[in-house]
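Novice: In terms of the numbering used here, the sequence shown opens at residue 1100 and continues consecutively. After the structure tokens below, expect a handful of questions from me.
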Amino acid sequence: MPEVTANAWAMNSAPEASRPALPWWRHADRVGVTASLLCALHCAALPFVLALLPAFGLGFLAGHGFERGFVVFACTLAALTMWNGYRRHRSGRAFVLLLPGAALLLAGLAVDLGRAPAWHAALIAGGGVLVALAHVANLRLTQLHAHDARCGCVPQT
1100 MPEVTANAWA
1110 MNSAPEASRP
1120 ALPWWRHADR
1130 VGVTASLLCA
1140 LHCAALPFVL
1150 ALLPAFGLGF
1160 LAGHGFERGF
1170 VVFACTLAAL
1180 TMWNGYRRHR
1190 SGRAFVLLLP
1200 GAALLLAGLA
1210 VDLGRAPAWH
1220 AALIAGGGVL
1230 VALAHVANLR
1240 LTQLHAHDAR
1250 CGCVPQT
């Protein structure tokens, strides 16, 4: 009889199930939501506060290099957290928000800021909001996921 239990556990467990979850993964979606919303606010408010940034020593926030780096960071963090969440809840619903959000962010970087600043701001802000919503969706799906023997997240005893 112990062989049946061992075989059942081997069939129902995924290779990822044997590895413990890293503690920072639990907070990665929250960091992603915050970062994406800050990015959207940054892009929406930048035209209004552009003159004030150097006075506070924050002129680097208006630079294209900072923006490109932040978009790459936001997209990378989002992709990693969505993949980690997908491994747990097996639902692709968060990717439905992430993919167009990342596309908008990248399109916003491609727009010539000198010729179309309104388009640039709208694309980046819209992309930031969609990426933030993807993080919220991933967080909710992970929290609502019911762990049982069929999900492969928890090894059977």
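The beta-carbon is built from N, C-alpha and C at its ideal position, and this holds for glycine as well.
With burial defined as no fewer than 16 other Cβ atoms inside 10 Å of the residue's Cβ, what is the status of Leu-1157: buried or exposed?
Specialist: Your numbering for residue 1157 matches position 58 in the sequence shown. When all chains shown are included, Leu-1157 counts as exposed.
Novice: Please state if the CB of Val-1195 and the CB of Val-1132 are separated by a distance shorter than 9 Å.
Specialist: Indexing the sequence shown from 1 puts residue 1132 at position 33. Indexing the sequence shown from 1 puts residue 1195 at position 96. No, the Cβ-Cβ distance between Val-1132 and Val-1195 is not below 9 Å.
Novice: Count the C-beta pairs between the region 1180-1189 and the region 1199-1206 that are closer than 8 Å, then say yes if the count reaches three, no if not.
Specialist: Counting Cβ pairs under 8 Å, fewer than three are found: no touch.
Novice: Give me the Cα-Cα distance between Leu-1179 and Ala-1215, rounded to the nearest whole angstrom.
Specialist: For this step, residue 1179 is matched to residue 80 along the sequence shown. For this step, residue 1215 is matched to residue 116 along the sequence shown. In a straight line, the C-alpha of Leu-1179 is about 32 Å away from that of Ala-1215.
Novice: Would you call the CB atoms of Ala-1139 and Gly-1227 closer than 9 Å?
Specialist: As a working mapping, residue 1139 is identified with position 40 in the sequence shown. As a working mapping, residue 1227 is identified with position 128 in the sequence shown. Yes, the Cβ-Cβ distance between Ala-1139 and Gly-1227 is below 9 Å.
Novice: Taking Pro-1199 as part of the alpha helix (DSSP H), name the residues at either end of that continuous run.
Specialist: Your numbering for residue 1199 matches position 100 in the sequence shown. Start and end: 1192-1209.
Novice: Could you tell me if Phe-1155 is buried or exposed, where buried requires 16 or more neighbouring beta carbons within 10 angstroms of its beta carbon?
Specialist: Residue mapping note: residue 1155 aligns to position 56 of the sequence shown, counting from 1. With fewer than 16 other Cβ atoms within 10 Å, it is exposed.
Novice: Just the C-alpha distance for Pro-1153 and Glu-1166, rounded to the nearest angstrom, thanks.
Specialist: Locating residue 1153 in the sequence shown gives position 54, counting from the first residue. Locating residue 1166 in the sequence shown gives position 67, counting from the first residue. Those two C-alpha atoms are separated by around 16 Å.
Novice: Counting C-beta neighbours from all protein chains within 10 Å, is the total for Thr-1175 16 or more, i.e. buried, or is it exposed?
Specialist: Here the question's residue 1175 lines up with position 76 in the sequence shown. So Thr-1175 counts as exposed.
Novice: Output the boundary residues of the alpha helix (DSSP H) element that contains Ala-1236.
Specialist: Along the sequence shown, one-based indexing puts residue 1236 at 137. Ala-1236 -> alpha helix (DSSP H) spans 1216-1243.
Novice: Using a threshold of 9 Å, state whether the C-beta atoms of Ala-1193 and Ser-1135 are closer than that.
Specialist: Here residue 1193 refers to the residue found at position 94 when the sequence shown is read from its first residue. Here residue 1135 refers to the residue found at position 36 when the sequence shown is read from its first residue. Not closer than 9 Å, so no.
Novice: If we call anything under 9 Å between Cβ atoms a contact, is Val-1230 one with Leu-1197?
Specialist: Translated into the one-based positions of the sequence shown, residue 1230 becomes position 131. Translated into the one-based positions of the sequence shown, residue 1197 becomes position 98. Going by C-beta atoms, Val-1230 is nearer than 9 Å to Leu-1197.
Novice: What three-state label does DSSP hand Gly-1164 in the structure shown?
Specialist: Position 65 of the sequence shown, counting from 1, holds the residue named residue 1164. In the structure shown, Gly-1164 sits in a helix (DSSP, three-state: H, G or I).
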